[in-house]
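Here the sequence shown is numbered in the working numbering, starting from 1063 and rising by one per residue. Positions of the beta carbon are idealized from the N, C-alpha and C atoms, including for glycine. Quantities reported herein were computed from a predicted structural model and do not represent experimental measurements. Written out below as structure tokens is the structure these notes cover.
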Amino acid sequence: MGPLQLTETWTYALVGGLLALPFTALEVWRSPENITLGAVLVGSVFAGYLIKRRGGNSTATGIRAALIGGIPTLWALTELLRAITNIPNPPWFQAASVGMALAFGGLMFVIVALSGALAGRFGGWLAERRGRDGVADPRSRT
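The structure is reproduced here in structure tokens:
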């Protein structure tokens, strides 16, 4: 593996994440306080489906796709930090507020990663149900 070669996991994560990225950016731009991340979930399911058809790890791919697709949520965090620093408060209160906002941002990425893991796993399950060649697996139970 060379320095710039992508693994299949990263390739499919980029496909799913970049598929979700513009829709997430549009959603954050329209209303940064009400983000649903539906596109991130769809991108993670898609990435998990694609990698599982190749025999890869759908959970890891779903996490990576969700984190790539969830990058625009950082804009909402920067808006929150800007608002905190513009409110006249004592320095200790501003420092505590910035710390809580950064903790909230970290929690936001943990939630995005967990939902991406579940969505990727679901996409992998769909791929297993369909079989590797795209037709229903006769061994699966209905």
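- [ ] Give me the Cα-Cα distance between V1077 and A1138, rounded to the nearest whole angstrom.
- [x] To locate residue 1077, count along the sequence shown from 1; it is residue 15. To locate residue 1138, count along the sequence shown from 1; it is residue 76. Each residue's Cα considered, the two are about 24 Å apart.
- [ ] Assess, as a yes-or-no matter, whether the region 1108-1115 is touched by the region 1139-1154 under the definition of 3 or more beta carbon pairs within less than 8 Å.
- [x] no
- [ ] Return yes when the Cβ of G1182 is within less than 7 Å of the Cβ of S1120, no when it is not.
- [x] Here residue 1120 refers to the residue found at position 58 when the sequence shown is read from its first residue. Here residue 1182 refers to the residue found at position 120 when the sequence shown is read from its first residue. A contact, by the Cβ cut-off of 7 Å.
Open item on the list: My output table needs one value for Q1067: the three-state DSSP class, helix, strand or coil.
Closed with: Here residue 1067 is taken as the residue at index 5 of the sequence shown, counted from 1. Correct three-state label for Q1067: coil.
Task: Neighbour-count burial assignment, S1093, 16 or more Cβ in a 10 Å radius - done: Residue 1093 sits at position 31 when you count from the first residue of the sequence shown. By the 10 Å Cβ count, S1093 comes out exposed.
Task: Reduced DSSP secondary structure (H/G/I, E/B, other) of L1099 - done: For the purposes of this step, residue 1099 is identified with residue 37 of the sequence shown, where counting begins at 1. Three-state DSSP puts L1099 in coil, outside helix and strand.
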